[in-house]
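S.K.: As you go down the protein sequences, you meet chains A and B in turn.
Quick note: the working numbering has the first sequence finishing at residue 116, numbered continuously throughout.
Quick note: the working numbering has the second sequence finishing at residue 120, numbered continuously throughout.
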Amino acid sequence: EAQVTQNPRYLITVTGKKLTVTCSQNMNHEYMSWYRQDPGLGLRQIYYSMNVEVTDKGDVPEGYKVSRKEKRNFPLILESPSPNQTSLYFCASSDGGLAVYEQYFGPGTRLTVT
Amino acid sequence: AQSVAQPEDQVNVAEGNPLTVKCTYSVSGNPYLFWYVQYPNRGLQFLLKYITGDNLVKGSYGFEAEFNKSQTSFHLKKPSALVSDSALYFCAVRDKGSGGSYIPTFGRGTSLIVHP
Numbered sequence: 003e004a005q006v007t008q009n010p011r012y013l014i015t016v017t018g019k020k021l022t023v024t025c026s027q028n029m030n031h032e033y034m035s036w037y038r039q040d041p042g043l044g045l046r047q048i049y050y051s052m053n054v055e056v057t058d059k060g061d062v063p064e065g066y067k068v069s070r071k072e073k074r075n076f077p078l079i080l081e082s083p084s085p086n087q088t089s090l091y092f093c094a095s096s097d098g099g100l101a102v103y104e105q106y107f108g109p110g111t112r113l114t115v116t
Numbered sequence: 005a006q007s008v009a010q011p012e013d014q015v016n017v018a019e020g021n022p023l024t025v026k027c028t029y030s031v032s033g034n035p036y037l038f039w040y041v042q043y044p045n046r047g048l049q050f051l052l053k054y055i056t057g058d059n060l061v062k063g064s065y066g067f068e069a070e071f072n073k074s075q076t077s078f079h080l081k082k083p084s085a086l087v088s089d090s091a092l093y094f095c096a097v098r099d100k101g102s103g104g105s106y107i108p109t110f111g112r113g114t115s116l117i118v119h120p
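Printed below as a string of structure tokens:
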């Protein structure tokens, strides 16, 4: 089954404690991205990657890091989480070219930073 | 710069009636336009897109959207709503002229509630 998986689905942590949210896709997609969803703000892109070792900032990259060492994986790293990073996070993937915006989304990770 | 607006936080419609979820956009060039749907506790699912060509675009689950360049709109429509269509709908845009950037801008979302 074609899918994007994220782990963990729920995470409660404390300010400053480094964490990683994993994302994996099994569709051999070139493009992967991370979004955060906040009430009243819709989705905002954090980072995206066009291929292995190619990453770029989205609209709200501050406080986040990513890496793309393998085509299927695109982890999101919060090295020193803060309460304003409490949010619902989605990973997404898609083919390149004009299909790049036909994104497949993961189920989401709800993060709470206290 | 690119932006998208969904002027209604919530749309209520009776089952069997036609539905419209509104979206307007702003880009400096020509737009790529998209609609996604989010069911409760799920990720977003792609519904349809406008890239070029026919202004009426048909997508999944019987939805369609009409690109109107003069009104800078891309409203989502369905002739007969189902209770199962109740979900959160997102419009998104990317300016074709934004070069190597692949950052779409999403609207804030419209909650569609279909009453039995």
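Glycine residues also receive a C-beta, built at the ideal position from the N, C-alpha and C atoms.
These numbers were taken from a predicted model, which means no experiment stands behind them.
Taking Cβ positions, are residue 40(B) and residue 102(A) nearer each other than 8 Å?
M.R.: Against a cut-off of 8 Å, the Cβ pair of residue 102(A) and residue 40(B) comes out as no contact.
S.K.: Have a look at the DSSP bridge pairing and note the partners of residue 93(A).
M.R.: Its beta-bridge partners are 36(A).
S.K.: Looking at the structure shown, is residue 85(A) part of a helix, part of a strand, or coil, going by DSSP?
M.R.: Note: residue 85(A) maps to helix in three-state DSSP.
S.K.: My output table needs one value for residue 15(B): the three-state DSSP class, helix, strand or coil.
M.R.: The answer is strand: DSSP assigns residue 15(B) an E or B state.
S.K.: Consider the Cβ of residue 47(A): report whether some Cβ of chain B lies at a distance smaller than 8 Å.
M.R.: Cβ-Cβ to chain B under 8 Å: yes for residue 47(A).
S.K.: Determine the DSSP secondary structure at residue 100(A), reduced to helix, strand or coil.
M.R.: Correct three-state label for residue 100(A): helix.
S.K.: With DSSP as the reference, label residue 68(A) as helix, strand or coil.
M.R.: In the structure shown, residue 68(A) sits in a strand (DSSP, three-state: E or B).
S.K.: Going by beta-carbon coordinates alone, are residue 94(A) and residue 49(A) separated by less than 8 Å?
M.R.: No, Cβ-Cβ distance for residue 94(A) and residue 49(A) is not below 8 Å.
S.K.: In the structure shown, what three-state DSSP assignment does residue 49(A) receive?
M.R.: Residue 49(A) falls in the strand class under three-state DSSP.
S.K.: Checking 8 Å against the spacing of the C-beta atoms, do residue 97(B) and residue 6(B) come in under that value?
M.R.: In this structure, residue 6(B) lies closer than 8 Å to residue 97(B) by Cβ.
S.K.: Excluding the 5 residues preceding and the 5 following residue 12(B) in the sequence, name in chain order all residues of the same chain whose CB lies nearer than 8 Å to its CB.
M.R.: Excluding positions up to five away in sequence, the list reads 25, 26, 114.
S.K.: Please classify residue 118(A) as buried or exposed, where buried requires at least 16 neighbouring CB atoms within 10 angstroms.
M.R.: Only positions 3 to 116 of chain A appear in the structure, and residue 118(A) is not among them; the question remains open.
S.K.: For a quick check, are the C-beta atoms of residue 76(A) and residue 51(A) less than 8 Å apart?
M.R.: In this structure, residue 51(A) lies closer than 8 Å to residue 76(A) by Cβ.
S.K.: Report the neighbours of residue 53(B) on chain A: residues whose CB is nearer than 8 Å to its CB, in chain order.
M.R.: 103, 104, listed in chain order.
S.K.: Return yes when the Cβ of residue 71(B) is within less than 8 Å of the Cβ of residue 52(B), no when it is not.
M.R.: For residue 52(B) and residue 71(B), no; Cβs fall outside 8 Å.
S.K.: Assign residue 90(B) to one of three DSSP states: helix, strand, or coil.
M.R.: Residue 90(B) falls in the coil class under three-state DSSP.
S.K.: Alpha carbons only, please: which of 53(A), 43(A), 58(A) is nearest the one belonging to residue 109(B)?
M.R.: Among 53(A), 43(A), 58(A), the Cα nearest to that of residue 109(B) belongs to 43(A).
S.K.: Taking residue 35(B) as part of the beta strand (DSSP E), name the residues at either end of that continuous run.
M.R.: Its beta strand (DSSP E) spans residues 35-42.
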